[in-house]
Amino acid sequence: KERRAAEGLPREAVVLACHSRSNKYEPEAFSDWLALLQRDPGTVLWLLAEDDTTRSNLRAEAAARGVHPTRLIFASKASRSDYFSRLAIADLMLDTRHYSAHTVAADSLWVGTPVLTLPGEGFASRVATSLYSAMDSA
1 KERRAAEGLP
11 REAVVLACHS
21 RSNKYEPEAF
31 SDWLALLQRD
41 PGTVLWLLAE
51 DDTTRSNLRA
61 EAAARGVHPT
71 RLIFASKASR
81 SDYFSRLAIA
91 DLMLDTRHYS
101 AHTVAADSLW
111 VGTPVLTLPG
121 EGFASRVATS
131 LYSAMDSA
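Sequential numbering from 1 applies to the sequence shown in UniProt numbering.
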């Protein structure tokens with residue numbers, strides 16, 4: 001809980017995270033994430049977004065869909081050790097659809113954070129699913 005506070009996260013919230021590069025956040029996935037926030041007022045969305053324009057655009061879209069912009073919490077790039085610590089304090093890592101998490105998914109699973117993913121048709125959209133398949137066969 002202390003680590004959450006240090007990251008600007010509410011201590012008692014359910015933390016849904018996507019720490020993939022923000023250029024992977026496609027509209028349909030972001031729409032799904034906002035729908036999750038609409039269903040549970042105790043949930044926040046923790047995103048990696050390094051520039052003010054991206055943050056502003058994502059907050060505006062959340063507000064347009066009835067989600068208070070303060071429920072979007074933004075992280076910037078971190079050192080390697082902080083990166084792993086961050087992954088470990090999320091309750092669930094959310095994957096993008098068309099270009100799924102590769103390293104972030106593997107690292108999230110390694111620190112014990114589950115990843116919500118949907119398999120796509122191409123290789124780039126199936127990496128996180130492949131990680132789960134490999135875990136099942138190990």
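Every residue, glycine too, gets a C-beta built ideally from N, C-alpha and C.
Check, Outcome
"Reference Leu45, options Glu26, Glu28, Val67, closest by Cα", "Val67"
"Three-pair Cβ contact test at 8 Å for the stretch 82 to 90 versus the stretch 57 to 71", "no"
"7 Å CB neighbourhood of Ala94 in its chain, flanking five on each side removed", "The sequence shown places Leu at residue 94, not Ala. Only Leu16, Ala17, Cys18, Trp33, Leu116 meet the Cβ criterion."
"8 Å Cβ shell around Glu28 - same chain, five flanking residues per side excluded", "Arg97"
"Assumed close pair Ala75, Glu12 - CB separation to whole angstroms, cut-off 8 Å", "No, Ala75 and Glu12 are not in contact; Cβ-Cβ is about 19 Å, not under 8 Å."
"Ala75, DSSP secondary structure in three states", "strand"
"Contact belief for Leu37 with Ser20 at Cβ below 8 Å, rounded distance in angstroms", "Actually they are not in contact, since the Cβ atoms of Leu37 and Ser20 sit about 18 Å apart, beyond 8 Å."
"Met135 versus His102 - alpha carbon distance", "15 Å"
"Pairwise C-alpha distance: Ser81 and Asp40", "31 Å"
"Three-state secondary structure (DSSP) of Thr43", "strand"
"Residues near Arg3 in its chain [Cβ-Cβ closer than 7 Å; skip 5 each side]", "Ser85, Ile89"
"Identified DSSP bridge partners for Val115", "Met93"
"Buried/exposed call for Ser100, threshold 16 Cβ in 10 Å", "buried"
"CB contact check: Arg86 to chain C, cutoff 8 Å", "As a matter of chain content, chain C is missing from the structure shown, which is built from one protein chain."
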